[in-house]
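For reference, the structure is listed below as structure tokens.
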Amino acid sequence: MKLDPNACYQALVSRDSRFDGRFYAGVLSTGIYCRPVCPARKPLAENCRYFANAAAAEAAGFRPCLKCRPELAPGYAWSDASQRLAKRAEECIRAGDEANLAELAQRLGVTDRHLRRVFTQQFGVSPVAYAQTQRLLLAKKLLADTAMAVTDVAMAAGFGSVRRMNSLFAERYQLSPKQLRGQQQRRQDRAEFRLSYRPPLDWQALLNFLAARAIAGVEHIAGGQYWRTVRIGYQGQVHKGWLRAWLGDGEVRVELSASLLRAVPPILAALRHLFDLDADPQEISLGLGTLPGEAGLRAPGAFDGLEMAVRAILGQQITVTAARTLAGRIAALGESCQDAPQGLSHYFPDAATLAALAQSQLGELGVIRSRSGAILALAGAVQQGLDLSPAADIDQVKEALMALPGIGPWTASYIAMRALHWPDAWPENDHGLKVASGCKTPKALAEAMAPYSPWRAYATHHLWSTL
Numbered sequence: 001m002k003l004d005p006n007a008c009y010q011a012l013v014s015r016d017s018r019f020d021g022r023f024y025a026g027v028l029s030t031g032i033y034c035r036p037v038c039p040a041r042k043p044l045a046e047n048c049r050y051f052a053n054a055a056a057a058e059a060a061g062f063r064p065c066l067k068c069r070p071e072l073a074p075g076y077a078w079s080d081a082s083q084r085l086a087k088r089a090e091e092c093i094r095a096g097d098e099a100n101l102a103e104l105a106q107r108l109g110v111t112d113r114h115l116r117r118v119f120t121q122q123f124g125v126s127p128v129a130y131a132q133t134q135r136l137l138l139a140k141k142l143l144a145d146t147a148m149a150v151t152d153v154a155m156a157a158g159f160g161s162v163r164r165m166n167s168l169f170a171e172r173y174q175l176s177p178k179q180l181r182g183q184q185q186r187r188q189d190r191a192e193f194r195l196s197y198r199p200p201l202d203w204q205a206l207l208n209f210l211a212a213r214a215i216a217g218v219e220h221i222a223g224g225q226y227w228r229t230v231r232i233g234y235q236g237q238v239h240k241g242w243l244r245a246w247l248g249d250g251e252v253r254v255e256l257s258a259s260l261l262r263a264v265p266p267i268l269a270a271l272r273h274l275f276d277l278d279a280d281p282q283e284i285s286l287g288l289g290t291l292p293g294e295a296g297l298r299a300p301g302a303f304d305g306l307e308m309a310v311r312a313i314l315g316q317q318i319t320v321t322a323a324r325t326l327a328g329r330i331a332a333l334g335e336s337c338q339d340a341p342q343g344l345s346h347y348f349p350d351a352a353t354l355a356a357l358a359q360s361q362l363g364e365l366g367v368i369r370s371r372s373g374a375i376l377a378l379a380g381a382v383q384q385g386l387d388l389s390p391a392a393d394i395d396q397v398k399e400a401l402m403a404l405p406g407i408g409p410w411t412a413s414y415i416a417m418r419a420l421h422w423p424d425a426w427p428e429n430d431h432g433l434k435v436a437s438g439c440k441t442p443k444a445l446a447e448a449m450a451p452y453s454p455w456r457a458y459a460t461h462h463l464w465s466t467l
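Residue 458 in UniProt numbering sits at position 458 of the sequence shown; the count goes up by one each step and never skips.
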């Protein structure tokens, strides 16, 4: 990404939140790099150097600011298909699923040499350097926001040992983890995290959309807060617990049950997708032109790809309310969540549990035969390695989905829009879109949606909001 020093400095001086996460400013006189919204006194223009990401700033020898905390900056939702491979690799790294370069390249279906070249061209650093910075920033976040022991922080951040974390902290930050914790206030009573976004954010509209589709026992929305149970695999273990999220003072706040503190990276990454916190409303608004809808309207992703995909199958040609009812019945087949807050009771069944069901069991819940067959086939495909996360290749996933019985273009596209969180995906031939746009045929609807590329997921939500 090419950065204009003059434009960056103006954004830095004015603390323009639209550029938060789009670049970082390294200050030569202090050796520190900051977000554009940093409250500290602004440096002279000639002392500033600009970087597209935190890893590039650290590779140049700068250490993160303790005031603006670069680890809290929002990410960036890419829409350029040519950058898809680099973006998929970044998704894996941000979710703490990078392992090593060879394994990451194998997961993405390319050679490690090709991945290193493409990633470095896009981010200015290698995947290994980028992942190392993400681990350091996560450890910094855990030290500041939780009372976790330093040993637990090292394990949760993926360092493998406290010695390795201490060594990198001394090398990069010129501080030990204990010294950094002493300089930053941390919560002793609970694990609370902050997720930044670029304003505006219509939090209530987001909750309304999720509430209409919330799965009973798994999700609960009340009082401006989102609650859900969490069962997630990370570092070879399954972590189970619950979370709640709410809007507070320009950030989304997240509380995790103590049982989930060893799985922070994939949980926070999933929430950023669910709430679409990496979106750039200004850029999207320019792409949508005069399309009706509020500027803060987001295109929600999904917390769990399989859960979302099952929900999409259940929603084929029936009302949102009816699909929600069926999803709640299926959720009740999952494991009970112990010590869950009010409104939560179960973890959504995993792929193995679903695949082991008989069609008759789903039929007893009210799921018709064609949809129960599709759900079982989907669960089997996920067991065999079908990836339903934002790190997946959208073309390969859609092709694999449409090869399954009972899944057509609408379902595959809806899954791509939400589970894979691709900004240009949209539910083809959707009835609601045809009503909102006045189009009568699939061809007319496709032609009407074409001008909104690469933001057709957002165009979908804007049109739906007018119904």
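Glycine residues also receive a C-beta, built at the ideal position from the N, C-alpha and C atoms.
Problem set entry | For His-461, three-class secondary structure by DSSP | helix
For this session: Alpha carbon to alpha carbon, how far is Met-449 from Arg-456? Give it in angstroms, no decimals.
Result: 7 Å
For this session: Have a look at Ala-102, Gly-217, Pro-199, Ile-375 and flag the residue whose alpha-carbon is nearest the alpha-carbon of Ala-332.
Result: Gly-217
Problem set entry | Closest Cα partner of Arg-262 within the set Gln-235, Lys-141, Lys-440, Ile-330 | Gln-235
For this session: Enumerate in chain order the residues of its own chain whose CB-to-CB distance from Leu-467 is below 7 Å, with the five nearest sequence positions on each side excluded.
Result: Gly-432, Val-435, Ala-436
For this session: Tell me whether the beta-carbon of Gly-158 lies closer than 8 Å to the beta-carbon of Arg-135.
Result: yes
For this session: Enumerate, from N- to C-terminal direction, the unbroken alpha helix (DSSP H) stretches of 4 or more residues contained entirely within the region 27-92.
Result: 54-59
Exercise. Roughly how many whole angstroms lie between the Cα atoms of Tyr-414 and Ala-309?
Worked result: 8 Å
Problem set entry | Option in Pro-349, Cys-48, Thr-30 with minimal Cα separation from Gln-10 | Cys-48
Problem set entry | Met-402, buried or exposed, once every other Cβ within 10 Å from all chains shown has been counted against 16 | exposed
Problem set entry | Three-state secondary structure (DSSP) of Ile-232 | strand
For this session: Note down, in chain order, each residue of its chain lying with its Cβ closer than 6 Å to the Cβ of Pro-427, except the 5 sequence neighbours on either side.
Result: Trp-410, Ser-413, Tyr-414
Exercise. Smallest Cα separation from Trp-422: which of Ser-79, Val-37, Ala-59, Ala-73?
Worked result: Ser-79
Exercise. Quick one: what does DSSP say Asp-20 is sitting in, helix, strand or coil?
Worked result: strand
Exercise. Span of the alpha helix (DSSP H) holding Gln-237?
Worked result: Run containing Gln-237: none in the alpha helix (DSSP H); it sits in the beta strand (DSSP E), 237-248.
Exercise. Going by DSSP, which residues form a beta bridge with Tyr-226?
Worked result: Ile-221, Ala-245
For this session: Taking the CB atoms as reference points, tell me whether residue 480 and Thr-229 lie closer together than 8 Å.
Result: The question about residue 480 has no answer, for the chain in this structure spans 1 to 467.
Exercise. Who does Glu-294 pair with in a DSSP beta bridge?
Worked result: DSSP, once it has assigned bridges, lists no residue as partnering Glu-294.
Problem set entry | Proximity winner among Glu-219, Arg-69, Leu-138, Gln-174, relative to Gly-328 (alpha-carbon distances) | Glu-219
For this session: Ignoring anything shorter than 4 residues or poking outside the region 369-398, list the alpha helix (DSSP H) runs there in chain order.
Result: 369-383
Problem set entry | For Phe-193 and Leu-72, the rounded distance between their alpha carbons | 9 Å
Exercise. Assuming Ile-394 contacts Ala-374 under a Cβ cut-off of 8 Å, what Cβ separation, rounded to an integer in Å, is found between them?
Worked result: 20 Å between Cβ atoms; not a contact.
Exercise. Where do the N-terminal and C-terminal ends of the beta strand (DSSP E) with Phe-193 fall, by residue?
Worked result: 191-195
Exercise. Below 8 Å between beta carbons: does that hold for Val-125 and Ala-205?
Worked result: no
Exercise. Hey, would you say Pro-74 sits closer than 8 Å to Asp-278, going by beta carbons?
Worked result: yes
For this session: Compute the distance between the beta-carbons of Leu-274 and His-462, then report whether it is under 8 Å.
Result: no
For this session: Please go through the same chain and pick out, in chain order, the residues whose beta-carbon is closer than 6 Å to the beta-carbon of Gln-188, but skip the five residues on each side of it.
Result: Note on Gln-188: pLDDT 46, under 50, position unreliable in the model; the coordinate value appears next. So the list reads Ala-147, once near-sequence residues are dropped.
Problem set entry | Helix, strand or coil at Leu-420 according to DSSP, with G and I counted as helix | coil
Exercise. Near Tyr-226, which residues of its chain fall below 6 Å by C-beta distance, leaving aside the five closest residues on each side in sequence?
Worked result: Ala-245
Exercise. Asn-100: which of Ala-129, Asp-145, Gly-233 sits nearest, CA to CA?
Worked result: Ala-129
For this session: Give the DSSP-derived three-state secondary structure of Arg-253 in the structure shown.
Result: strand
For this session: Give me whichever residues DSSP pairs with Leu-168 in a beta bridge.
Result: Paired residues: none, contrary to the question.
Problem set entry | Straight-line gap, Val-252 to Tyr-197 (C-alpha atoms, nearest Å) | 8 Å
For this session: Could you give the DSSP three-state label for Arg-327: helix, strand or coil?
Result: According to the sequence provided, residue 327 is Ala. The question's Arg does not apply to it. DSSP places Ala-327 in helix when its eight states are reduced to three.
Problem set entry | Endpoints, alpha helix (DSSP H) assigned at Glu-283 | 281-288
Problem set entry | Member of Leu-376, Ala-45, Ala-7, Pro-39 whose CA lies at the smallest distance from the CA of Val-27 | Ala-45
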